[in-house]
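Numbering (our numbering), first residue to last: 101 to 627. Reviewing the structure listed below.
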Amino acid sequence: MRWIIVSNRLPFRKNEAGELTRSSGGLVTALSGVQTDAEQLWVGIAPEGIDEAAWQGMPLDYQKSYQPVFVDENTYDAYYNGIANDVFWPLFHYEGSMIKFSLDNWLAYQRVNYEIAKVVSDHATHDDVIWIHDFHLFLLPQMLKEMGVSCRIGFFLHIPFPSSELFRQLPVRHELLQGVMGADLIGFHDYSYARHFANTLNNVMNIHADLRGFWWQQRRVEIGVYPVSIDSAHFQQEATSAETLTYAQQWKTAQPGRRWVLGVDRLDYTKGLVLKLQIFADLLESHPQYRGQVSLLQLAIPTRQDVDEYQKLRSEVERMVGEINGKYSTPGYTPVQYMYTSVPLHELLALYRQSAALLVTSRRDGMNLVALEYVVAQDDEDPGVVVLSEFTGAASMLSEALLINPWDIHGSADTLAEALGLSLGERQERKRIMQSFLSHYNASDWAESFMRDLLTAGQENEAGASQPLFSKTAPQALQEVLSSLKSQVYLFLDYDGTLVPIQERPEQAVLPASTRDLMARLLAKEN
101 MRWIIVSNRL PFRKNEAGEL TRSSGGLVTA LSGVQTDAEQ LWVGIAPEGI DEAAWQGMPL
161 DYQKSYQPVF VDENTYDAYY NGIANDVFWP LFHYEGSMIK FSLDNWLAYQ RVNYEIAKVV
221 SDHATHDDVI WIHDFHLFLL PQMLKEMGVS CRIGFFLHIP FPSSELFRQL PVRHELLQGV
281 MGADLIGFHD YSYARHFANT LNNVMNIHAD LRGFWWQQRR VEIGVYPVSI DSAHFQQEAT
341 SAETLTYAQQ WKTAQPGRRW VLGVDRLDYT KGLVLKLQIF ADLLESHPQY RGQVSLLQLA
401 IPTRQDVDEY QKLRSEVERM VGEINGKYST PGYTPVQYMY TSVPLHELLA LYRQSAALLV
461 TSRRDGMNLV ALEYVVAQDD EDPGVVVLSE FTGAASMLSE ALLINPWDIH GSADTLAEAL
521 GLSLGERQER KRIMQSFLSH YNASDWAESF MRDLLTAGQE NEAGASQPLF SKTAPQALQE
581 VLSSLKSQVY LFLDYDGTLV PIQERPEQAV LPASTRDLMA RLLAKEN
């Protein structure tokens, strides 16, 4: 068996010497850590500046493990920028007013998906497993099915899936859904994304779908939720390395007595940087005790610098930074330190360890791995607090983060003030719970769980499919089912959040007397 991984581009980058080297991104790390004997073939568009002749000169292990797809520059631009970035990215992040749909660009998107499908089809055998990644390749699963590819196909979406009402605005909504429905397993980061997808199939395609899956063209397609994680052990190791601790001490010495709220975001409209600056300004206005004591350090990582919307966003952010600093600065105190750049890993980890809080104000975010990195990098003796937008996938993973609605400026400022005022013991307890979870669930666990489910996806046949009980109200439906069955009945019930309310500590999750009585009456029934 072989794993065929398909993504927009092959995972390569050029180093400072201009040489092509394998990148070490999250997906590469996740797959490399999975314990498997399966070979891996990675298919994607060739690295920028590499043509077929140049690829033939690459090392043999590259040519064996990676299969490039060659697309001309104009077609790639129309597919990548014209559709993926200018249509799918804003729509799926609830920014419908920013969509720029062009039929010519859509034809290019179809053409690139088809070219990639041809290459995958040429290399795939019945025993392979194909894992397709992200919104650049929505059409690929069904194209592969139509080309006769018979092996299992998985598709994973790394960004949110929007509500069905928003998705219906897409001119090519049927084509996109039919494309992804060619997969045997469709994965999302969060249950809300999976729910939106199932509702969209119901409302747009008139297909009965739930959070488990649906039937399409006489086969079962599974839906799954797999929140991505990070290489926790690696980040913890690097966070306590001598290089990181040296940077941390230098930062602490240079800014004695100052407390920092940290922001680390790409300069993208989905990240809510304008909202973040408004929240921090409100903190200084409504909690004046923090003036002169707390500063915001915002790293804005450049992206799509040649696009008008991003240039306007940068101008707006920098204008607001100047406005806040002009209003609240004093000799020796600058409220906002703004850096339009990225920083090396160990410097970033030092900032994680030295900041009192991480402020994430995303308007929409598939996951937000910065929040996870911040948690695992924290100093046990004096940890910081995560203040996290509820519109991120990470909000469902980080149980002890303080959640905010970033559009509620004043409420978010109050939550940030709460974070800055937490006692040492509470900060340590919150960090301990989240760090413990992330130490047991890393990026490789995410990849392994998806591939494990993909290997068994689609085995359920229609006759053996389980059926929902809830066409009527739950108690009535359950009573009718129990009355109609002649054989033994087994009920499987969750505990936390079902039989008992969710509690912060396990010992507090005590079964209520009313629930215990109901269970006793059910058990007294025949069978």
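Each residue gets a CB set at the ideal place from its N, CA and C atoms; glycine is no exception.
Beta-carbon separation of residue i and residue j under 8 Å?
i      : j      : result
Ala309 : Asn302 : yes
Ile253 : Pro241 : yes
Val476 : Ser584 : no
Ala450 : Thr340 : no
Glu338 : Leu472 : no
Ile379 : Ile323 : no
Leu259 : Phe235 : Note that residue 259 corresponds to Ile in the displayed sequence, not to Leu. Cβ distance < 8 Å, so Ile259 and Phe235 count as in contact.
Ser202 : His226 : no
Met551 : Val280 : no
Gln210 : Leu239 : yes
Ser442 : Leu399 : yes
Ser124 : Leu141 : no
Just mark residue i as buried or exposed, buried being the case when its beta carbon has 16 or more other beta carbons within 10 Å.
i      : result
Asn542 : buried
Phe592 : exposed
Thr492 : buried
Lys376 : buried
Pro356 : exposed
Asn174 : exposed
Gly248 : exposed
Tyr438 : buried
Phe261 : buried
Asn115 : exposed
Ala354 : exposed
Arg419 : exposed
Val134 : buried
Residue i to residue j, Cα distance in whole Å?
i      : j      : result
Ala208 : Phe256 : 22 Å
Val106 : Ile232 : 5 Å
Met305 : His274 : 7 Å
Phe112 : Arg122 : 4 Å
Pro612 : Leu397 : 47 Å
Ile424 : Trp351 : 23 Å
Leu569 : Ile150 : Below a pLDDT of 50, predicted positions are generally treated as unreliable, and Leu569, at 48, falls in that range; the measurement from the model is reported next regardless. About 56 Å.
Ala130 : Trp103 : 14 Å
Gln559 : Arg320 : 8 Å
Asp514 : Val417 : 22 Å
Arg109 : Leu458 : 31 Å
Ala224 : Glu246 : 14 Å
Val436 : Ile183 : 36 Å
Asn505 : Arg463 : 9 Å
Arg359 : Ala138 : 49 Å
Leu373 : Val364 : 10 Å
Gln579 : Val589 : 12 Å
Have a look at the DSSP bridge pairing and note the partners of residue i.
i      : result
Val229 : Trp103, Arg252
Trp315 : Arg320
Asp465 : Thr492
Arg122 : Phe112
Gly133 : BP columns for Gly133 are empty, so no partner.
Leu399 : Val364, Met439
Gly144 : Pro168
Ile504 : Ser489
Margin query: Does the stretch 428 to 442 come into contact with the stretch 383 to 395, if we say contact requires no fewer than three beta-carbon pairs (one atom in each stretch) closer than 8 Å?
Written below: A contact exists between the stretch 428 to 442 and the stretch 383 to 395.
Q. Does the stretch 462 to 472 come close enough to the stretch 317 to 329 to have 3 or more Cβ pairs within less than 8 Å?
A. yes
Report task. Indicate whether the contact test is met: 3 or more Cβ pairs, each with one atom in the stretch 188 to 202 and one in the stretch 144 to 161, closer than 8 Å. Result -> no
Next on the checklist: Under 8 Å, with one C-beta from each stretch per pair, do the stretch 477 to 492 and the stretch 524 to 532 reach the 3-pair mark?
Outcome noted: yes
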